[in-house]
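In my numbering, the protein residues as written are 1154 to 1296. What follows is a set of notes on a single structure, which appears directly below.
Rendered as structure tokens:
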């Protein structure tokens, strides 16, 4: 497998993962807001600047998203006790429960639709389970 094949596979897996999560029902969040929530889920009590660095979004976009999500009761913000100039961001309990509900759904049905042949779909699920064990990621959501 070369780098381009790996990138293409990664893109396809992201598409399948998004479809599996979207099965939990539609969301009224923008893709940018979803990315901010996902980042804060992985890195609680982080500063807006850190979210900007990890997501690649402009500071103004992240700040606006954090403001909207705070108004909707999905994010909490608080001054950094170590540096009062910084604001720390974390998910509310309500948002954390919603993320778990959406993210914990099995992807088997989506994979079965993507692969079509039931035997091959089962093999893909088994290989992905094995790959997840062999190639752990550093951005596994924290409980």
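We put the CB at the ideal spot given by N, CA and C, even for glycine.
- Here residue 1277 is actually not in contact with residue 1263; their C-beta atoms are around 11 Å apart, not less than 8 Å.
- For residue 1201, the closest alpha carbon among the candidates 1188, 1287 and 1215 is that of 1215.
- Here the C-alpha atom of residue 1270 lies approximately 13 Å from the C-alpha atom of residue 1261.
- Distance from residue 1227 to residue 1245 at the Cβ level is roughly 6 Å; contact confirmed, criterion being Cβ atoms closer than 8 Å.
- Across the set 1156, 1167 and 1173, the C-alpha of 1173 shows the shortest separation from the C-alpha of residue 1266.
- In this chain, the beta strand (DSSP E) harbouring residue 1232 covers 1228 to 1233.
- Boundaries of the alpha helix (DSSP H) around residue 1208: 1201 to 1208.
- Within the DSSP secondary-structure output, residue 1255 pairs in no beta bridge.
- Taking every protein chain shown into account, the CB of residue 1218 has 16 or more other CB atoms within 10 angstroms, so this residue is buried.
- Counting along the chain, residue 1244 sits inside the beta strand (DSSP E) bounded by residues 1236 to 1244.
- A direct Cα-to-Cα measurement between residue 1220 and residue 1155 gives close to 41 Å.
- Under the 8 Å Cβ criterion, the region 1184 to 1200 does not count as touching the region 1277 to 1286, having fewer than three qualifying pairs.
- Per DSSP, residue 1212 is one residue of the alpha helix (DSSP H) stretching across 1212 to 1224.
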